[in-house]
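For the sequence shown, full-length UniProt numbering begins at 1 and goes up steadily by one.
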Amino acid sequence: MDDKRVKVGGKAPVRTPGRGGYGKKKNGAVCMYWLQGRCNRNPCRFVHAAGEVNITPKPTNGRSYTYHRKNPTDSTSNSDSKEKKQQQQQSLSLTSGPSGDGTHASHISQQDSHPESHEESSLSTRGSSGDGIANLFMRLAQLDGHNKTVTGIALPSGSDKLYTASGDGDLRVWDCHTGRCVHQGNLGAQIGCLISQGPWLFAGLRNLVKAWNLKTETQYSIDGPVGQVYALEATTEDVLFAGMEDGSIFTWKYDSKTDSFPLITTLKGHTASVLSLQVGCKSLYSGSMDNTIRRWDLDTLTCSQTLLGHSAAVTSLVLSRAGCLLSSSLDQTIKIWACRQDGSMGVFDTRNEEHPILALFGMHDAYDKPILCCSCNDNSVILYELPSFTKRGTIFGKQEVGRIQSGLGGLFFTGDGTGQVAVWKWLTPRTA
1 MDDKRVKVGG
11 KAPVRTPGRG
21 GYGKKKNGAV
31 CMYWLQGRCN
41 RNPCRFVHAA
51 GEVNITPKPT
61 NGRSYTYHRK
71 NPTDSTSNSD
81 SKEKKQQQQQ
91 SLSLTSGPSG
101 DGTHASHISQ
111 QDSHPESHEE
121 SSLSTRGSSG
131 DGIANLFMRL
141 AQLDGHNKTV
151 TGIALPSGSD
161 KLYTASGDGD
171 LRVWDCHTGR
181 CVHQGNLGAQ
191 IGCLISQGPW
201 LFAGLRNLVK
211 AWNLKTETQY
221 SIDGPVGQVY
231 ALEATTEDVL
241 FAGMEDGSIF
251 TWKYDSKTDS
261 FPLITTLKGH
271 TASVLSLQVG
281 CKSLYSGSMD
291 NTIRRWDLDT
301 LTCSQTLLGH
311 SAAVTSLVLS
321 RAGCLLSSSL
331 DQTIKIWACR
341 QDGSMGVFDT
351 RNEEHPILAL
361 FGMHDAYDKP
371 ILCCSCNDNS
381 VILYELPSFT
391 KRGTIFGKQE
401 VGRIQSGLGG
411 LFFTGDGTGQ
421 VAVWKWLTPR
431 TA
């Protein structure tokens, strides 16, 4: 079968600054008064053109996030063009310009709320770090285009493109410089999850995993799964894990010689759907609807321990650099697991929330403090400072926020049940 390439090239046009849009800009925020056509300030501290909003990740001295899957540098070998094996199928047509519904390419739009004062707006509810710092973060932009629940957000290492997926199979590619949707296509089935690792982008569908090597612009269809793929995780050694609807975990490893993903094994043990996967400390951790967490040895690919403690589905897992595992559940608790002297893991602490928890995600704020994002089924995302769990603020979505992703330069992204993707930015410290 001939090579099938994914078209990922092309740049969206950049709009020129509007009248009054020059001068010292304020945090890259679009002037909401300009959007309403009634800004009378010249120069204005805010941006007067949506195209000026820059969401390009910026280097942060190579610091990796404490509570976040690491994005290593590109390490996969570049294969020559040749006849592909059984896994390469018809390529996804990611077309630029108008989307399939006839609308124009989506672009960054400012939030609907209009602050009374012509100043920065922050959606951190009662946001405070305890030392008098207010307005900790702000919504920088809104990415419109998805019509169904956002099921995945990925920002590949070294890429200037943001990838988002939704439950109706819609996959969109956004230019980080302009915030415009530059490519859009439909995979033909529900996308359960979307992740990136090095040059790879992976999407979990029903009975299938789609993979793209963004470096070689090659697409792969990885067969084997039966049912919906709810969770994906990949290692720096090109091992791919898929958490399945039936509780199994399919495991593949990329073979550069055959340019394919042969199946290594299928991990069995969970009795219900696997909702979350996390790799770290020489182990794979899996959270399931059977209320358990399983710890798998990466060398032997066998289950070394079953972690019991939650009384409802385990929805999310986050691993700290120190080796502690944080888990969330529909039982309204966050549990912190730590290693005992014998090497096994046990519950170190439990935090009770007011609502069932859908997802956890970790990052650092502008003050380099570790933050845990806790998304609940009341449409809120609570931001906690670790390890004290001091509340730093709350984000409210129109519907449940199921996906959170971070970028460099203090950016992070949220996706909710309406299909809306919001771009947020931690505000930098002010100097006297």
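For every residue, glycine included, the Cβ atom is placed at its ideal position computed from N, Cα and C. This one's a predicted model, so the numbers in the text were calculated from it and none came from an experiment.
Residue 347 to residue 393 span [Cα, whole Å]: Translated into positions along the sequence shown, residue 347 becomes position 347. Translated into positions along the sequence shown, residue 393 becomes position 393. Roughly 26 Å between the two C-alpha positions.
Environment of residue 156 [buried if 16+ CB atoms lie within 10 Å]: Here the question's residue 156 lines up with position 156 in the sequence shown. Buried.
Bounding residues of the beta strand (DSSP E) (the contiguous stretch that carries residue 420): Residue numbering aside, residue 420 sits at position 420 when the sequence shown is read from its first letter. Counting along the chain, residue 420 falls outside any beta strand (DSSP E), and DSSP gives it neither H nor E.
Proximal residues to residue 232 (C-beta, below 6 Å), its chain only, five neighbours per side dropped: By one-based count along the sequence shown, residue 232 stands at place 232. Closer than 6 Å at the Cβ level, and outside the excluded window around residue 232, lie 193, 195, 202, 204 and 242.
Alpha-carbon to alpha-carbon, residue 158 and residue 375: Position 375 of the sequence shown, counted from the start, is the residue given in the question as residue 375. Position 158 of the sequence shown, counted from the start, is the residue given in the question as residue 158. Cα to Cα, the separation comes out at about 28 Å.
Completely contained beta strand (DSSP E) runs for the stretch 172-201, where each covers 3 or more residues: Qualifying beta strand (DSSP E) stretches, in chain order: 181-186 and 193-197.
Cutoff 9 Å: residue 196 Cβ touching any chain E Cβ: Looking at the structure shown, chain E is missing, and only one protein chain is on hand.
Cβ distance (whole Å) where residue 236 is taken to contact residue 301 below 8 Å: Taking the sequence shown and counting its residues from 1, the one referred to as residue 236 is at position 236. Taking the sequence shown and counting its residues from 1, the one referred to as residue 301 is at position 301. About 17 Å separates the Cβ atoms of residue 236 and residue 301, ruling out a contact at the 8 Å cut-off.
Helix, strand or coil at residue 384 [DSSP, three-state]: The residue given as residue 384 occupies position 384 in the sequence shown. If DSSP states are grouped into helix, strand and coil, residue 384 belongs with the strands.
Element boundaries [beta strand (DSSP E), containing residue 401]: Stepping through the sequence shown from its first residue, residue 401 is reached at position 401. Per DSSP, residue 401 belongs to the beta strand (DSSP E) from 401-406.
DSSP beta-bridge partners of residue 233: The residue given as residue 233 occupies position 233 in the sequence shown. Per DSSP, 241.
Alpha carbon of residue 283 to alpha carbon of residue 303, nearest angstrom: Against the sequence shown, residue 283 aligns to sequence position 283. Against the sequence shown, residue 303 aligns to sequence position 303. For residue 283 and residue 303, the distance between alpha carbons rounds to 9 Å.
Local conformation of residue 346 per DSSP, three classes: Position 346 of the sequence shown holds residue 346. Looking at residue 346 - three-state DSSP - the assignment turns out to be strand.
Three-state secondary structure assigned by DSSP to residue 165: Mapped onto the sequence shown, residue 165 falls at position 165. Residue state, collapsed to three classes: strand.
Under the three-state DSSP convention, the category residue 389 falls into: To locate residue 389, count along the sequence shown from 1; it is residue 389. Residue 389 carries a coil assignment under DSSP once its states are collapsed to helix, strand and coil.
Rounded straight-line distance, which links the Cα of residue 258 to that of residue 395: Within the sequence shown, numbered from 1, the residue matching residue 395 stands at position 395. Within the sequence shown, numbered from 1, the residue matching residue 258 stands at position 258. Distance between the alpha carbons of residue 395 and residue 258 is about 46 Å.
Contact belief for residue 178 with residue 421 at Cβ below 8 Å, rounded distance in angstroms: As a position in the sequence shown, residue 178 is number 178, starting the count at 1. As a position in the sequence shown, residue 421 is number 421, starting the count at 1. At roughly 15 Å, the Cβ-Cβ gap does not stay under 8 Å, so residue 178 and residue 421 are not in contact.
Proximal residues to residue 397 (C-beta, below 6 Å), its chain only, five neighbours per side dropped: Taking the sequence shown and counting its residues from 1, the one referred to as residue 397 is at position 397. Around residue 397: 379 and 416.
Segment contact, 8 Å Cβ cut-off, at least three pairs: the stretch 334-342 with the stretch 398-409: no
Anticipated Cβ contact below 8 Å, residue 315 with residue 330, distance rounded: As a working note, residue 315 is residue 315 in the sequence shown. As a working note, residue 330 is residue 330 in the sequence shown. Indeed, because the Cβ distance is near 6 Å, the residues count as touching under 8 Å.
Per DSSP, the bridge partner or partners of residue 226: Within the sequence shown, residue 226 is the residue found at index 226, counting from 1. BP columns for residue 226 are empty, so no partner.
Beta-carbon separation (whole angstroms), residue 426 vs residue 365, contact threshold 8 Å: What you label residue 426 is simply residue 426 of the sequence shown in a count that begins at 1. What you label residue 365 is simply residue 365 of the sequence shown in a count that begins at 1. The pair is a contact, with the Cβ atoms about 5 Å apart (cut-off 8 Å).
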